[in-house]
Amino acid sequence: MSWQVLKQGDKDYLIRCIFKDDQVILKLSDLVQFWSDSFSLKDVTTLFQEQNPLVEAPEASLVKYIKNILDINKSEVKVVKSEDCMKVSLQFTCNFQGIIFSLHLSMPLMEPHALYDDITVPLLLTVQNLQAHKKYLSDQLKKKDIEINEYKLEGYQITRKTVETVKFDESILSDLPLSGEDVESKKLLNIIPQCKIFDALYQLLEDKKTAEHSTKTANKNANTSCALSKIESLQNEDDSQVSKRQKLNH
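In full-length UniProt numbering, the protein residues as written are 1 to 250.
Okay, here's the thing in structure tokens:
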């Protein structure tokens with residue numbers, strides 16, 4: 001399941017639930033802090049049975065109930081944070097076929113780098129890709145306008161008026177209304193393409209990857225050099241021992 005927005009009063013969270021093999025991975029963030037934990041499906045099933053003692057069903061049905069209750073599109077979710085925010089409890093409630101189920105799962109606060117790896121980096125890459133796609137589409141539309149104009153200059157006409165278009169104006173992309181007419185979000189979308197901050201952050205990310213690769217290569221070369229030095233030293237010791245034996249024999 002991809003990241004989804006979870007509204008809690010006037011506060012928004014990003015939530016994600018991943019079913020991978022026999023693991024259930026929960027992630028929650030308010031873009032400032034990040035909570036996450038991994039549970040075995042067996043442990044979640046046991047917890048579900050403890051919190052819903054009246055439910056008696058085969059394991060396959062229990063797993064189905066759990067997947068439904070962890071889908072925020074089908075359930076209600078309440079976020080309860082500890083006073084120091086070091087732990088958060090997600091309290092899921094779901095009405096499945098007329099039966100009310102509940103499931104409470106707790107997650108610890110993660111280190112700052114977890115927020116960077118799970119949210120910041122994917123967000124930067126997504127924005128970078130969106131900018132690249134927008135530029136590509138704009139360039140293609142401009143080329144089409146030139147192509148159509150040359151077509152008309154040669155005396156040809158477009159017979160199907162329903163497919164005839166006006167010249168592409170790139171600024172129209174910044175004026176498109178957003179769902180809900182979110183003015184602040186619209187301002188942000190207009191600012192992002194004009195500033196270089198995302199390009200700079202993306203470049204920092206690439207530089208970090210390059211630096212990490214260079215460090216690994218340097219360490220590998222250093223280890224290889226050290227090993228070769230030891231081998232050479234051992235060979236010199238062997239040669240010295242052979243030389244001493246030859247002198248003694250003479």
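Each residue gets a CB set at the ideal place from its N, CA and C atoms; glycine is no exception. All values reported here derive from a predicted model rather than from experimental measurement.
Subject >> Status (buried if at least 16 other CB within 10 Å, exposed otherwise) for Lys-27 >> reply: With 16 or more other CB atoms across the displayed protein chains lying within 10 angstroms of its CB, Lys-27 is buried.
Subject >> Status (buried if at least 16 other CB within 10 Å, exposed otherwise) for Cys-17 >> reply: buried
Subject >> Between the CA atoms of Asp-84 and Gln-194 - distance to the nearest angstrom >> reply: Only weak support exists for where Gln-194 lies, its pLDDT of 44 falling under 50; the coordinates are left without a value.
Original post:
Start and end of the alpha helix (DSSP H) containing Glu-76?
Top reply: No alpha helix (DSSP H) contains Glu-76, which is instead part of the beta strand (DSSP E) from 75-81.
**OP:** Report the residue from Ser-61, Val-32, Ser-36, Phe-34 whose alpha carbon sits nearest the alpha carbon of Thr-45.
**Re:** Ser-61
Subject >> Inter-residue spacing [alpha-carbon to alpha-carbon] between Asn-68 and Ser-75 >> reply: 8 angstroms
**OP:** In angstroms with no decimal places, state the Cα-to-Cα distance between Val-79 and Glu-147.
**Re:** 56 angstroms
Subject >> Candidates Leu-123, Val-88, Gln-49, Ala-114, of which the one nearest Pro-108 by Cα >> reply: Val-88
Original post:
What's the C-alpha gap between Trp-3 and Glu-150?
Top reply: The alpha-carbon atoms of Trp-3 and Glu-150 are separated by roughly 46 angstroms.
Original post:
With contact counted as at least three CB pairs below 8 angstroms, one residue from each stretch, are the segment 109-126 and the segment 94-101 in contact?
Top reply: With a cut-off of 8 angstroms, the segment 94-101 and the segment 109-126 do not count as touching, because too few Cβ pairs lie within range.
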